[in-house]
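A short write-up of the structure that comes next.
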Amino acid sequence: MTTTAEQTAESHVFEADVARLLHMMVHSVYSDRNVFLRELISNAADACEKLRYEAIEKPSLLGADAESRITLTLDEENRQLVVEDNGIGMSRDEMIEALGTIARSGTRAFMERIEASKAAEGAQLIGQFGVGFYSCFMVAERVDVISHRAGSQEAWMWASDGKGSYSVSPANLAEVPSCGTRVVLHLMEDAKQYTSRWTVERIVKEQSGHVPVAIRVVEKPGSEPVQITDGSALWTKSKSEVTKEEYTDFYRGVSGQYDEPALTVHFRAEGRHEYTALAFIPGTQPFDMLDPEGKGRMKLYAKRVFITDDAELLPRYLRFVSGLIDTADLPLNVSREMIQESPILMAIRRGVTSRIITAIEKLSESDAEAFLKFWENFGAVFKEGIYEDFERRAQLMALARFRTSTSGEGYRSLAEYVKDIKEGQNAIYYLAGSSLDQLKPSPQLEGFLARGIEVLFLTDSVDSFWAMNAPEFEGKAFKSITQGAADLAQFAKLDRQATQEPETATMAKFLAFTKQTLADHIADVRASDRLTESAVCLVAPEDGYDRQMEKILRNAGRLEDAAKPILEINLVHPLIKAIASVEGDALYQEDAAFLLLDQARILDGDRPANPRRFAERLARVFQRSVQP
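Using the numbering used here, you'd call the opening residue of the sequence shown number 42 and step up by one each time.
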């Protein structure tokens, strides 16, 4: 670093999200700090692959140093570890963007997940979620990054102690790589073991032994470099040549996670299109899996040359799958803009998707416990395919698992539901909501429980969409129990009691009065055959959306005029009988009608329409009940 460079250093403050992440890195105790080396090597390998890609159109970028490599230099005397690559490098702006901000919004979810966990649990989170470049502050008291963008006449140095700020300054071209990046870690006292060749070589071979770039170690400054990995591409080998440990190592590098894959799909397709696919289903949820803006985790290669990690190589409902596709059918100079429109890539996408779905089907048949773990981790995203992927809808529905009103703590498939369906039952009934705790006490469920009719509990947002659009499963249509008539009279109750009492003249008069009083708020008032314990409930009209879908669309600002609900009343409930028997007090009956409507809203998880009037009516009814 020259004196001029030092004088022109720019000081910057980390964005708030970065500062929070660095604080956790420095002040928390993690179970495996070795993860930092894997992250830095992964970044270096990506930089080398990106240079190879850009050099397809501009070969001069490679210069005389065309062989990609990563070099680790150990300096025990100065307590330094240097990770250097001859990849694409970074410009000043790219350096600030890459090292001063958090580009992926999912990283914020990662931090919130750590902070919400207890200390012991937090210690286990590291290694399960990629933490990128910032992981180096787990072992370094200061980090210097010197980078020279290929094709540029400028080099830059980024430096920080990880305590809230960083500096960026010009670097002397004579002291930096011809292109690429050099990361200098000034190690903490308790991290000096990372200057030991034995330690570093063991970690590299365990965690990064199959990155497609050769890795060399310089045991001390001035020593000759020794190659410890050859950069051979794991995916080019046959399955019989790859061990489980090698797959796990490669998975951790490509996914940014540190668990073990739940499922590995590795195959070579030949025929009309030739390509190799290596895909992993994680053992745990990626931290940004539910991020609506989250991208897929599959990389595209052409003849072992990295092309992009932005191509939609799998449908969005498989965005938790990580890995790569390497094809010989795409030209190396294909533009990233043309990739998405390529018919070749569309055919490859269909083929890889089918192989992954088939592998999941085989898992469900061969290992029920492993499949249920998969479902608990990824079912909420996987079900998006029922809504989006018409071609595979039947396959995906057959794989789906559900908690139901009769399943207890277990799961049921749709095939099991249909197998045990009641005689004369023509629909698969479901109840959608935000959680099991909300659904289980729902008044709309009472009549189905009383008759032993199984109801699916749908607790994910996507459930309302696919259930409304899925036409049927094995000839049985899907029907929400919060919409339309229940038609339960044909099914006997388990206790053999009468379905409902005949409607008396008093009850008919009460129903008519309630309907007239609430006409501006509801579409209809009717006697209910779905209520057994509650006095009232709300249901949606037969046409349109069910109650949960209405809430989702209303909360998203996409439903301006919701249909008026129907108020169902349990005519055999003691409260309803008592209210209906009151005569000559119109104000009381009007208050009672509105209170019953608000009670139904509360049971549905909503607030009273007008809390002040609700309180006033409740006070009047209380006052009347205590008057002599």
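Note that CB positions come from ideal geometry on N, CA and C, so glycine has one too.
**Item:** First and last residue of the uninterrupted alpha helix (DSSP H) at residue 652
**Value:** Following the DSSP letters along the chain, one finds residue 652 inside the alpha helix (DSSP H) bounded by residues 652-667.
**Request:** Within its chain, find whatever has a CB closer than 7 Å to the CB of residue 573; leave out the 5 residues flanking it on each side and keep chain order.
**Result:** Excluding sequence neighbours, residue 573 sits near 487, 488 and 491.
**Item:** Same chain only: Cβ atoms within 8 Å of residue 452, ignoring 5 sequence neighbours per side
**Value:** 413, 416, 442, 443 and 444
**Separation of residue 214 from residue 350, as counted between CA atoms** = 31 Å
**Item:** Coarse secondary structure for residue 395, derived from DSSP in three states
**Value:** helix
**Prompt:** In angstroms, rounded to a whole number, what distance separates the CA positions of residue 665 and residue 619?
**Reply:** 14 Å
**Message:** Give me the DSSP bridge partner(s) of residue 609.
**Reply:** Beta-bridge pairing links residue 609 to 567 and 578.
**Asked** Which residue comes first and which comes last in the alpha helix (DSSP H) that contains residue 426?
**Response** 425-429
**Item:** Limits of the alpha helix (DSSP H) - the one that residue 243 falls within
**Value:** 238-248
**Message:** Taking the alpha carbon of residue 322 as the reference point, which residue from 609, 389, 394 and 253 has its own alpha carbon closest?
**Reply:** Here the closest residue by C-alpha is 394.
**Request:** State the Cα-Cα distance for the pair residue 533 and residue 463, rounded to the nearest angstrom.
**Result:** 11 Å
**Asked** Under 8 Å between the Cβ atoms of residue 252 and residue 86?
**Response** yes
**Asked** In three-state terms, what does DSSP make of residue 106?
**Response** Three-state result, residue 106: coil.
**Request:** Could you check what DSSP says for residue 482 in three-state terms: helix, strand or coil?
**Result:** It is coil, neither helix nor strand.
**Item:** Residue environment, residue 460, which counts as buried when at least 16 other CB atoms sit within 10 Å
**Value:** exposed
**Request:** Assign residue 328 to one of three DSSP states: helix, strand, or coil.
**Result:** coil
**Prompt:** Got a sec? Which residues, its chain only, sit under 7 Å from residue 606 by beta carbon, not counting five neighbours each side?
**Reply:** 563, 564, 579, 580 and 581
**Asked** Between which two residues does the alpha helix (DSSP H) carrying residue 615 extend?
**Response** 615-622
**Message:** Relative to the C-alpha of residue 181, which candidate in 568, 232, 520 and 510 has its C-alpha closest?
**Reply:** Here the closest residue by C-alpha is 232.
**Message:** Here's a check: name, in chain order, each residue in its chain whose Cβ is nearer than 8 Å to the Cβ of residue 554, leaving out the five neighbours to either side.
**Reply:** Once the five neighbours on either side are set aside, the close Cβ partners of residue 554 are 630 and 634.
**Request:** Count the other C-beta atoms from every protein chain shown that fall within 10 angstroms of the C-beta of residue 364, then say buried if there are 16 or more, exposed otherwise.
**Result:** buried
**Request:** State whether the region 219-227 contacts the region 265-272, with contact taken as three or more CB pairs (one from each stretch) at a distance under 8 Å.
**Result:** no
**Asked** Does the separation of the CB atoms of residue 505 and residue 589 fall below 8 Å?
**Response** yes
**Request:** Go ahead and label residue 234 buried or exposed: buried means 16 or more other beta carbons lie within 10 angstroms of its beta carbon, across all protein chains shown.
**Result:** exposed
**Request:** Would you tell me roughly how many angstroms separate the C-alpha atoms of residue 641 and residue 518, rounded to the nearest one?
**Result:** Those two C-alpha atoms are separated by around 27 Å.
**Prompt:** Since residue 221 sits in a beta bridge, which residues does DSSP pair it with?
**Reply:** 189
**Asked** Count the other CB atoms within 10 Å of the CB of residue 101; is the residue buried (16 or more) or exposed (fewer)?
**Response** exposed
**Prompt:** What is the DSSP secondary structure of residue 389, reduced to helix, strand or coil?
**Reply:** helix
**Message:** Can you find the residues in the same chain that come closer than 7 Å, C-beta to C-beta, to residue 162, ignoring five residues on each side of it along the sequence?
**Reply:** With a pLDDT of 43 at residue 162, under the threshold of 50, the modelled position of that residue is not reliable, and the figure given next carries that caveat. Cβ within range, chain order: n/a, list empty.
**Request:** Tell whether a beta-carbon distance below 8 Å holds between residue 477 and residue 500.
**Result:** yes
**Prompt:** For the candidate residues 559, 419, 516 and 301, whose alpha-carbon lies nearest to that of residue 503?
**Reply:** Here the closest residue by C-alpha is 419.
**Item:** Selected residue, minimal CA-CA separation from residue 355, among 370, 345, 367 and 338
**Value:** 338
**Request:** Take residue 293 as the anchor and find which of 247, 313, 261 and 254 has the nearest alpha-carbon.
**Result:** 247
**Asked** Of the choices 385, 178, 566 and 656, whose alpha-carbon is the least far from that of residue 80?
**Response** 178
**CB of residue 320 within 8 Å of CB of residue 397, strictly** = yes
**Message:** Threshold first: 4 residues or longer. Then list the alpha helix (DSSP H) segments lying entirely within the region 485-511, N to C.
**Reply:** Listed in chain order, they are 487-491 and 502-510.
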